[in-house]
Structure formats: C-alpha cells, structure tokens
Amino acid sequence: MFIRKIISIITFILTFLASVAIQAAPKIPDSLTQNGLIYCTHANGLSFNPQTNDAGTNMNVVTEQIYNKLFEIRNNSSIVEPVLAKNYSISEDGKTITINLRKGIKFHHTDWFTPSRNFNAEDVVFSLNRVLQRNTDLSTLESSANYQNPQYQVFHEQARKVHFPYFESIKLNDKIESIIATSPYQVQIKLFQPDASILSHLASQYAIIFSQEYALQLNADDNLSQLDSLPVGTGPYKVKNFVKNQYIRLIKNEHYWRKKGTLNNIIIDLSTDKTGRLIKFLNGECQITSMPDVSQLGILKKFNEKYYLKFTEGVNLSYLAFNFAKSTIKDPKLRQAISQSINRRRIVQRIYHNTASIANNIIPSISWAATVNTPDFTYDYNPQLAKAFFQDKHLKLTMWVLNEEQFYNPSPLKMAELIKWDLSQVGVDISILPITRTYLLEQLKNNAEDYDLILTGWLAGNLDPDSFMRPILSCGISNDVTNLSNWCYAPFEQAMNKGLSTSNLRERAKYYNIAQDIILSELPIIPIANAKRMLIANTKVKGLELAPFGSINFTTLSYQQGEKQ
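Dropping the structure here:
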C-alpha cells in the first residue's frame, strides 16, 4: 500500500512538472493545423540534410518526406526496389551498374526556388558526387568567381568542406570509381571491385537526391550552404515554415509524382523534452509522439481508449567499446571479465523498461543475415568469475559517455551508473566523464581521446549486415567517430570483405556470421541492448507504419479531426 502511494505521488509530480514545461513552450498556431496532423519529436540531430548528420544518430523523419532516393528496401527485406530509378542492371563482372531513371518528376516549387526543368541524370550525378567530394560543377564556378569580400571565400569553402559521416564510415570513395550520365535519363556507376552492399547503401536514408540546378544557382549567389538549410526535393511534402527548436511546417507537394497524401499540413513539433511530449499528447496537442519516456508509459493506462502504441524491431545497438589504443585494454581476459561484470538484463529492465531486448549478437535480428537460433553470449553476466579475475588488481578505468538521448540509449548517464556499480562489485573503479559529440569529435581530431571505455551505440541505415559492422569495427574506420574501439583485426576484415565479393545471400550471410563470431570472441565491444522503435498515436490516426530505421510514410496517414480527445 505504501509503495503504491509513493508511485502515485511520483506520477503526480512528473505530470505537474511536465504541465509547467508545456505552458512555457510556445503553442503552434491553430491556423497551421487545419487539415493536418502534429507529430511531436525532439530537435536532437535535426537537419534538413541527413547526409551531414553524424552516422548512427537519430534518423531524421523530416527528410523522408522532402526527398526521394534512387532505391528503397521492400518491407524490411533484402530486396531493393527502384524509386527515382525506373530499373537497373549489373554487368557480369559486377563492377558496372546501369540505372535508368523515371521521367516527368518535378522538384519542389518553393518561396526560395522555382525549377526550370524536371529531375534528370545530372541531379543523380551531382548528388552522389557531392558525398564523394568530387563535384567539379561547383569548383569550376568557384574558381571563376572574383571574391571582393574574403568572408564569401570562407563561406564557400566551409559549405564545400561539409563532411558526410555515413558515406565516410562505409568508405564509399573506395567503392565507387566513377559516376557518369550516359544520357539525360541514364546513369552509370563504375565500381573498383564488385560490392554486393552498394544498392543497399543507395537505398539508405542518407542517399537522397538533390536538385543540381538549385545547387548551381546557390553557388552563383555565394550561398551554397543554403542547399542544406532551405531544402528542395521531389518528395511528397515540402517545407513551408521553420521556427528553430519550435516547429517545422510541411505542406503537400502539389507536383508529387506518386499517390498524394490526404493531409495538407504536417507539423513537426520540436518544443519539448520526452516528458513534455507525452503530456502534450495526452492534452491533444499532438496526434503522434516519438521517443516518449518509457518509464512513464504506465500513465497511458488511464487513456487506453484514446491511443495506441506502435512498435517495431529497431536496427540499432547500444554497446560499450574498449579503447584498443590503451595497453591495459588489449588483455582479452580483462575484456572478458569486464563483460562478465555487467548485468545486461538489469539494464534492459531499468533503462528501457523492457522495450528493448538483450543484445546477444551484433547483426540485428530482423536482418536477412541473422541466425535463427541465437546462442547464449559466452561472456554474459557472471560476477563470480569476474571477481576472481580482478582480485587484488585495484584496476581504475575511465569511461566516457556520449550524453545525448538516442533511440538506442534513452538514458546514457543512468546506464553508465549501472555499469559503474556492477564493476565496483567486482573491484573495478570506474570514473565517468559525460561528453558531447562536439567534444568527442575535437578529441578524435587531435588524437587526444583518453578513455579506456566509451558508452555509445549505432543506428544503421539499412538491413545489410555490412553497414552494421564495418562502420563501427573496420580497420579503415579506426580512430574515427564510428569505430571508437580503435580495433583492427585482419581475420575480421577478411570475412567482411568476402561478404561483399558475392551477391549470393546465403554465402554473404555465412561470411558475416563468421565476422560476428570473431567480434563476440575478441570482444572489441560489449553488446548491451537492441531498442525497439516506438510511437504513440491517437486512435483517430489511421495508416501509421513505422520502419526499423524510424521513418514514417506520411502519405499513408489520415486523421479524423474533431473535438480533442
């Protein structure tokens, strides 16, 4: 009885504090919500260009509405389907991909750009060459410009020095030899060697297609950085208004080439934290909310006729990485003992409130390469063995924690504290240092990353196992923001490369499972949890589907407006 009363008091306090936060948050004007829907999410990692976001961070639901890609993955399978592409063929040697493009597709007409032509091969060549840092179009214009103001020169250089973390993490530059337009509606991609993962990468949320005409216009106006801040795409919705850290208003693209959606307005509300989002939802101020505080889902039981939960397995992994640049960490028995010290089941219960599963593998369970019967993790929780190993060692380690809310880890500092407590029970003293991603990037740039362990995670852009393991553990990515373990192991590289050399899925799965077994044996990282994707929706919202990558197709949604529930 006493415990029940305490829980009621805590729930009341949380609700009250959240209500106060919402009163302070700006309300979206009612005029913007007519024949529309409000989607509450967070502003962390928000960008109108997902290519420039740090790889593995939150997928940007906004850009999925603005842009199209050449391809997409069918129903979470291994099958790649054409989108802006009409069809494609691959040469017998596997090194040339010929892509025929759809005709009659228009770019957005916006307040900042009116296209004079339809989508064609030049847009594809420009967009892909941009992420490869090979755009001669822009450099030609730049070299002929006469900059009277040195600020313009700096502005151009910074716009052109943009990094593309996802494509850098998969070493796309080492895969693609050239991209050319062989006709107005045909593109040819030549590879250095056969690569069975390439189409999956072109189907990821990062492989969006820009308007080359828009980019050239901006470049001529000394305003190239606007390409990423005032977007122009071919998708079902386009940006109408954007108030930083408050909301984005998307309106229907009147020239959309596929079936148009029923909603004229989509409002992306960015104004509150996860507690505030839940309370806004309960107050009827948004019809869908993402990333709610899972510890507060019990509050929804009182409103169970007015909402529904949408779950899907995610393509993500939270993990603890060992820094192999430190000599102490290179001891495999030490890594095994640290792994055996950590109670991952308790983490899943306390941090995710059972909205995640314990990660016994690296390859996501929904990937076509995943094994059916997952074996037990060899170095799972066994504090007795760990304590015996650490006896009289008096080990002190530093753990950095990326202190940012992510799908794969909603409470990184709390998780770090649980890990610290577990290790203290076996005689290991852990010092926790919360860090920002900006700080981490700066330390990596200066080769000054002084951690023994780092708590982080990964969010893949497709279901190909190569895009899940290579970015976080490949030799070519060591000392990078994705391979934070600085691990490099030749047998792992060999297995991964063999997985790319064949298009036979059974053969590919075999090699990637060999690579996975190596990871679970050598332990450069300790897998912790796979979080489920989750949305809360008003029962009046119909047609809601959630992809493992976090994307939502707003064109399938309908919302029966009326009195607030």
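Residue numbers (my numbering): -19 to 545.
Each residue gets a CB set at the ideal place from its N, CA and C atoms; glycine is no exception.
The structure presented is a predicted model; accordingly, all values stated were derived computationally and were not measured.
Where the beta strand (DSSP E) containing methionine 514 begins and where it ends: Working through the sequence shown from its first residue, we reach residue 514 at position 534. Per DSSP, methionine 514 belongs to the beta strand (DSSP E) from 505 to 518.
If you compare alpha carbons, which of Ile508, Gly16, Glu473 is closest to leucine 435? By one-based count along the sequence shown, residue 435 stands at place 455. Nearest of Ile508, Gly16, Glu473 to leucine 435, Cα basis: Ile508.
Buried or exposed for proline 528, please, with buried defined as at least 16 other CB atoms from any protein chain shown within 10 angstroms of its CB. Taking the sequence shown and counting its residues from 1, the one referred to as residue 528 is at position 548. Proline 528 is buried by the Cβ-count criterion.
Do three or more CB pairs link the segment 380 to 392 to the segment 349 to 361 at distances below 8 Å? no
Using 8 Å as the threshold, is the C-beta distance between arginine 82 and leucine 64 below it? Start at 1 with the first residue of the sequence shown, and residue 82 comes out as number 102. Start at 1 with the first residue of the sequence shown, and residue 64 comes out as number 84. Yes. Within cutoff.
Could you check which residue in Val381, Ala195, Gly213 has the C-alpha nearest to that of leucine 207? Against the sequence shown, residue 207 aligns to sequence position 227. The residue with the shortest Cα to Cα distance from leucine 207 is Ala195.
Supposed contact pair glutamate 44 and serine 531 - C-beta distance, whole angstroms, cut 8 Å: Stepping through the sequence shown from its first residue, residue 531 is reached at position 551. Stepping through the sequence shown from its first residue, residue 44 is reached at position 64. Between glutamate 44 and serine 531 the Cβ distance is about 4 Å, and since that is below 8 Å, they are a contact.
Count the other CB atoms within 10 Å of the CB of aspartate 175; is the residue buried (16 or more) or exposed (fewer)? Taking the first residue of the sequence shown as 1, we reach residue 175 at position 195. The residue in question, aspartate 175, is buried, as its Cβ has 16 or more Cβ neighbours within 10 Å.
So methionine 379 is in the beta strand (DSSP E); what residue range does that whole segment cover? Translated into the one-based positions of the sequence shown, residue 379 becomes position 399. 375 to 382 is the extent of the beta strand (DSSP E) around methionine 379.
When the Cβ atoms of the segment 462 to 474 are set against those of the segment 438 to 452, are three or more pairs found closer than 8 Å? yes
Kindly indicate if chain C contains any beta-carbon less than 8 Å away from that of cysteine 455. Of the protein chains in this structure there is only one, and it is not chain C.
Where the alpha helix (DSSP H) containing isoleucine 368 begins and where it ends: Indexing the sequence shown from 1 puts residue 368 at position 388. Rather than isoleucine, the amino acid found at residue 368 in this sequence is alanine. Per DSSP, alanine 368 belongs to the alpha helix (DSSP H) from 363 to 370.
If the criterion is Cβ atoms closer than 8 Å, does the pair serine 270 and threonine 90 meet it? Residue mapping note: residue 270 aligns to position 290 of the sequence shown, counting from 1. Residue mapping note: residue 90 aligns to position 110 of the sequence shown, counting from 1. For serine 270 and threonine 90, no; Cβs fall outside 8 Å.
3-residue-minimum beta strand (DSSP E) runs that sit fully inside the segment 266 to 354, ordered along the chain: 268 to 270, 287 to 293, 296 to 302, 336 to 338
How about isoleucine 189 and asparagine 33: are their beta carbons less than 8 Å apart? In the sequence shown, residue 189 corresponds to position 209, counting from 1. In the sequence shown, residue 33 corresponds to position 53, counting from 1. No. Outside cutoff.
Is it buried or exposed, glutamine 541, if we count other Cβ atoms within 10 angstroms and call 16 or more buried? Counted from its first residue, the sequence shown places residue 541 at position 561. It is exposed - the Cβ of glutamine 541 has fewer than 16 other Cβ atoms within 10 Å.
Provide the residue span of the alpha helix (DSSP H) that contains phenylalanine 529, from first to last. Taking the first residue of the sequence shown as position 1, residue 529 is located at position 549. Neither: phenylalanine 529 is in no alpha helix (DSSP H) and is coded neither H nor E.
Between the segment 277 to 285 and the segment 477 to 497, are three or more C-beta pairs nearer than 8 Å? no
Let me confirm a value: alanine 200 is counted as buried when at least 16 other C-beta atoms fall within 10 Å, else exposed. Which label applies? Reading the sequence shown from its first residue, position 220 is the one you call residue 200. It counts as exposed.
Taking 8 Å as the threshold (C-beta atoms), are isoleucine 150 and serine 447 in contact? Position 467 of the sequence shown holds residue 447. Position 170 of the sequence shown holds residue 150. Contact: yes.
Check whether the segment 516 to 527 and the segment 309 to 324 touch, using three or more Cβ-Cβ pairs below 8 Å as the test. no
DSSP three-state label for cysteine 20, please. Your numbering for residue 20 matches position 40 in the sequence shown. Note: cysteine 20 maps to strand in three-state DSSP.
Among Val223, Asn225, Tyr227, Tyr217, which residue has its Cα nearest to the Cα of asparagine 244? As a position in the sequence shown, residue 244 is number 264, starting the count at 1. Nearest option by C-alpha distance: Tyr217.
In whole angstroms, what is the alpha-carbon distance linking valine 406 and asparagine 323? Residue 406 sits at position 426 when you count from the first residue of the sequence shown. Residue 323 sits at position 343 when you count from the first residue of the sequence shown. If I take the Cα positions, the gap works out to 12 Å.
Are there three or more Cβ pairs, one per stretch, closer than 8 Å when the segment 488 to 496 is compared with the segment 341 to 353? yes
Paired residues, beta bridge with leucine 262 - DSSP: Taking the first residue of the sequence shown as position 1, residue 262 is located at position 282. None; leucine 262 has no bridge partner.
Alanine 161 lies in the beta strand (DSSP E); which residues open and close that run? As a first step, residue 161 must be located in the sequence shown, where it is residue number 181. Start and end: 156 to 163.
Kindly indicate which residue of Leu297, Tyr287, Tyr361, Ile338 has the alpha-carbon position closest to the one of isoleucine 318. In the sequence shown, the residue the question calls residue 318 occupies position 338. The candidate whose alpha carbon is nearest that of isoleucine 318 is Tyr361.
Measuring alpha carbon to alpha carbon, tell me which residue in Val111, Ser180, Val42, His88 is nearest phenylalanine 51. If you number the sequence shown from 1, residue 51 lands on position 71. Looking at the Cα atoms, Ser180 is the closest of the given residues.
Three Cβ pairs or more, each shorter than 8 Å: is that satisfied between the segment 403 to 418 and the segment 370 to 380? yes
Is arginine 417 helix, strand or coil by DSSP? To locate residue 417, count along the sequence shown from 1; it is residue 437. Three-state result, arginine 417: helix.
For the candidate residues Leu262, Gly256, Tyr288, Asn263, whose alpha-carbon lies nearest to that of aspartate 273? For the purposes of this step, residue 273 is taken as the residue at position 293 of the sequence shown. With distances taken between Cα atoms, aspartate 273 lies closest to Gly256.
Any idea if lysine 260 is buried or exposed, counting beta-carbon neighbours within 10 angstroms, 16 or more meaning buried? Position 280 of the sequence shown, counting from 1, holds the residue named residue 260. Looking at its Cβ environment, which holds 16 or more other Cβ atoms inside 10 Å, lysine 260 is buried.
Write down every uninterrupted run of the beta strand (DSSP E) in the segment 61 to 110 whose length is 3 residues or greater and which is fully enclosed by it, in chain order. 65 to 70, 76 to 81
To the nearest angstrom, report how far apart glutamine 138 and histidine 333 are at their CA atoms. The residue you call residue 138 lines up with position 158 of the sequence shown. The residue you call residue 333 lines up with position 353 of the sequence shown. Only weak support is given to the placement of glutamine 138: the predicted model assigns it a pLDDT of 46, under 50, and the value that follows is read from those uncertain coordinates. In a straight line, the C-alpha of glutamine 138 is about 43 Å away from that of histidine 333.
Determine the DSSP secondary structure at isoleucine 150, reduced to helix, strand or coil. Sequence index remark: in the sequence shown, residue 150 carries index 170 (1-based). Coil, per DSSP.
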